[in-house]
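Peer 1:
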Amino acid sequence: MKKTPVVILYLDGPVYNKSQEAESWFFLTHRRLEGLADESFFCAERSPIEGVQAVQFSDGRAFCAWLEGFPSHTQLVLVPAYAPLIQRSLLEEALEKQKRFLFDYTYAELPSGLMGEVLDTSLAPFLKRALPDGTPMFRRTLKEWLGQDLSSYDCNIVFTDIRLLEYRISFLPENHYQALVLKKIIESGKNFSSLREIHEWIQSHPESLRQVPTYIEIELTTLHESSGPFVTDLSREGEMKPADLVRLLEILDGFAPDAVISFGLYGEVFVYSGWETLLHEIQKRPSRRFLLESRAIHLLPGRVEEILSLPNTEIVIDVSTVSSETFQKWKKPSSSLLPFEGLSGLEFLHALPSKERMYIQMTRTHENDREIMRFHELWKDFSGRIIIRKPDSLGGKLLDARVVDLSPVKRTPCLSLQRNLVVFFDGTVPLCRQDVEGKYAVGNIFSDGVETCLKRLGDAYERQFSHYGVSTPLCEACDDWWIFSF
């Protein structure tokens, strides 16, 4: 039987520390797939590997025209160029099924970086006609183009009973965290020729998933709500000193350089007295993403506009109700010294000229559940940027407030412990954001150091692998273990 031609196209993509490390990741990927294809290409200006040709496309139609240049039914393997654990056996199986069952396209329901896609190049004329003029080249996968039209093609979808998806990680070195996880796995010296090998190794080395935090929540003030499905009875009171804020960000620059930093936690960020310091420190870090989470207690229009003027910032404002009476009851500040305008004090948000990076949030409870449609109507100018979230569990204290339990049936180790870090205004590092009073605190980031605090958090995370997802009494009644932000 005539051999079906096979071509590999390595796709360029984001890589942490790309100028220094991209080539080594590419070499590892190509080494795993060497000999799989008759020809290999790299979608970039140049290729660092001999025998792999560089190719670039001005737009989607140029890519389709390139496909048309191959013999009929050539199988194109699309893989990320920086996927050091790419599974050759899965691609070989996909190629065999493409040929036997005459599939047009194969993709996998797996974490990124483990398989890639296979396309019959005979599909090129159909793709070309379907693409509008000027359609840019897809960024990561061909599936971005096919989207809702997948049913128009004969597709082979690869599923597996190996539950790597539950770790919520990508096997591509796109950020600092993922690069460190991959290095930890590769340094074991194993070949990892199957998904089962990867899964079993992670199960026996849970510390590999805890490298650096990807999301860091910093409490700048403790001013909070007086009632409602929120933190309403904090025993501590105060705010972070501006000098401590500067020091903390410098620590994080060296330890977690691309983690998303959120200012707020349970307190109102927009009343922080060190506001000018906060602005200055954000401006000094244009490549880091910052999130400001407001309790909607006391929003100053000038401060909101100042934050939105910085391109690396986003704002989330928890409004939670359309009722002035409910807002007055819930959002009245914990300190009587602060003026409180009520719901009318938020009307200026509608008039802001630049709202693309602002989100309006509702914490959904039994009390406001019937308001959801009216809430969307009231904030319709924020369409697509309205967040409906569940209340924090706070170790079980607010479970009665939730409308529905959305947590998966099977409990797994906590994703928040896996990749989040919380810092109180005085530097205390609690177990997680549900540890409101710091009862299970692991130390102080200023006096103990970030590495020590992370190590102690890691101990709690690793215990969950042998205790069905529970490592402290706080965890037993928690339903937030499956949620993470970034």
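Residue -4 is where the sequence shown starts when you use my numbering, and the numbers rise one by one after that.
Note that the Cβ used here is the ideal one computed from N, Cα and C, for glycine as well.
(1) In the DSSP assignment, find the unbroken alpha helix (DSSP H) run with I197 in it and report its ends.
(2) With DSSP as the reference, please indicate the residues paired to M353 in a beta bridge.
(3) Leaving out five residues before and five after S42 in sequence, what residues of the same chain have Cβ atoms less than 6 angstroms from its Cβ?
(4) Given this structure, state the Cα-to-Cα distance separating S304 from A291, to the nearest angstrom.
(5) Given F187, which residues of its chain have a CB within under 6 angstroms of its CB, disregarding the five upstream and five downstream residues?
(6) Could you tell me which whole beta strand (DSSP E) segments of length 3 or greater appear in the segment 126 to 202?
(7) Classify V404: buried if its beta carbon has 16 or more other beta carbons within 10 angstroms, exposed otherwise.
(8) Consult DSSP for F481 and reduce its assignment to one of helix, strand or coil.
(9) Using a 10 Å radius around the Cβ and a threshold of 16 neighbouring Cβ atoms, would you call A238 buried or exposed?
(10) Starting from the N-terminal side, write out each stretch of the beta strand (DSSP E) that is 3 residues or longer and does not extend beyond the segment 4 to 80.
(11) Starting from D115 and walking both ways along the beta strand (DSSP E), at which residues does that stretch end?
(12) Cα separation between R428 and D248?
(13) Can you list, in chain order, the stretches of the beta strand (DSSP E) that have 3 or more residues and sit fully within the segment 238 to 313?
(14) Around the Cβ of P208, are there at least 16 other Cβ atoms within 10 angstroms (buried) or fewer (exposed)?
(15) Would you tell me roughly how many angstroms separate the C-alpha atoms of C491 and W20, rounded to the nearest one?
(16) Please classify P468 as buried or exposed, where buried requires at least 16 neighbouring CB atoms within 10 angstroms.
(17) Report yes if the CB atom of S319 is closer than 8 angstroms to the CB atom of L338, and no otherwise.
(18) Where does I485 fall in DSSP's three states?
(19) I'd like to confirm the pairing. Which residues does DSSP put opposite L394 in its beta bridges?
(20) How close, in whole Å, do the beta carbons of G223 and W325 come, if the pair is a contact with beta carbons under 8 angstroms?
(21) Going straight from the alpha carbon of N151 to that of V424, what length do you get?
(22) Does the structure place the segment 60 to 69 close enough to the segment 113 to 130 that three or more beta carbon pairs sit under 8 angstroms?
(23) Run through DSSP, which three-state label would L338 get?
(24) What residues in its chain sit with their C-beta under 8 angstroms from that of V226, if we drop five residues either side in the sequence?
(25) Taking 8 angstroms as the threshold (C-beta atoms), are R414 and R384 in contact?
(26) Can you tell me which residues form a DSSP beta bridge with G438?
Peer 2: Working from what's here:
(1) Here residue 197 refers to the residue found at position 202 when the sequence shown is read from its first residue. For I197, the enclosing alpha helix (DSSP H) stretches over residues 190 to 199.
(2) Here the question's residue 353 lines up with position 358 in the sequence shown. The partner list for M353 (beta bridge, DSSP) reads I310.
(3) The residue you call residue 42 lines up with position 47 of the sequence shown. Excluding positions up to five away in sequence, the list reads A49.
(4) For this step, residue 304 is matched to residue 309 along the sequence shown. For this step, residue 291 is matched to residue 296 along the sequence shown. If I take the Cα positions, the gap works out to 20 angstroms.
(5) Your numbering for residue 187 matches position 192 in the sequence shown. Correct list, in chain order: L80, I193.
(6) With a minimum length of 3 residues, the continuous beta strand (DSSP E) runs that stay inside the segment 126 to 202 are 150 to 153.
(7) For this step, residue 404 is matched to residue 409 along the sequence shown. V404 comes out exposed.
(8) Stepping through the sequence shown from its first residue, residue 481 is reached at position 486. Here F481 sits in coil by DSSP.
(9) Reading the sequence shown from its first residue, position 243 is the one you call residue 238. The residue in question, A238, is exposed, as its Cβ has fewer than 16 Cβ neighbours within 10 Å.
(10) Listed in chain order, the complete beta strand (DSSP E) runs (minimum 3 residues) inside the segment 4 to 80 are 34 to 38, 47 to 50, 70 to 75.
(11) Position 120 of the sequence shown holds residue 115. Taken as a continuous stretch (DSSP letters only), the beta strand (DSSP E) holding D115 covers 112 to 115.
(12) Counted from its first residue, the sequence shown places residue 428 at position 433. Counted from its first residue, the sequence shown places residue 248 at position 253. Their Cα atoms are separated by approximately 22 angstroms.
(13) Correct list: 255 to 258, 285 to 289, 308 to 313.
(14) To locate residue 208, count along the sequence shown from 1; it is residue 213. P208 is classed as buried because its beta carbon has at least 16 other beta carbons within 10 Å across all chains shown.
(15) Outside the shown range of the chain, which is -4 to 481, sits residue 491, and nothing can be said about it.
(16) Position 473 of the sequence shown, counted from the first residue, corresponds to residue 468. So P468 ends up on the exposed side.
(17) The residue you call residue 319 lines up with position 324 of the sequence shown. The residue you call residue 338 lines up with position 343 of the sequence shown. Yes, they are a contact pair.
(18) Limits of the chain in this structure are -4 at one end and 481 at the other, which puts residue 485 out of reach.
(19) Within the sequence shown, the letter at position 399 stands for residue 394. Bridge partners of L394: none, in fact.
(20) Position 228 of the sequence shown, counting from 1, holds the residue named residue 223. Position 330 of the sequence shown, counting from 1, holds the residue named residue 325. With a Cβ gap of about 3 angstroms, G223 and W325 count as contacting.
(21) Walking along the sequence shown from the start, residue 151 turns up at place 156. Walking along the sequence shown from the start, residue 424 turns up at place 429. Here the alpha carbon of N151 sits roughly 47 angstroms from the alpha carbon of V424.
(22) The answer is yes - the segment 60 to 69 touches the segment 113 to 130, with three or more Cβ pairs under 8 angstroms.
(23) Within the sequence shown, numbered from 1, the residue matching residue 338 stands at position 343. The three-state secondary structure of L338, taken from DSSP, is helix.
(24) As a working mapping, residue 226 is identified with position 231 in the sequence shown. Sequence-distant partners of V226 (beyond 5 residues in either direction) whose C-beta falls short of 8 angstroms from its own C-beta, in its chain, are H219, E220, Y261, D387, L389, V431.
(25) Position 389 of the sequence shown, counted from the first residue, corresponds to residue 384. Position 419 of the sequence shown, counted from the first residue, corresponds to residue 414. Going by C-beta atoms, R384 is not nearer than 8 angstroms to R414.
(26) Looking up residue 438 in the sequence shown gives position 443. Answer by DSSP bridge pairing, in chain order: V424.
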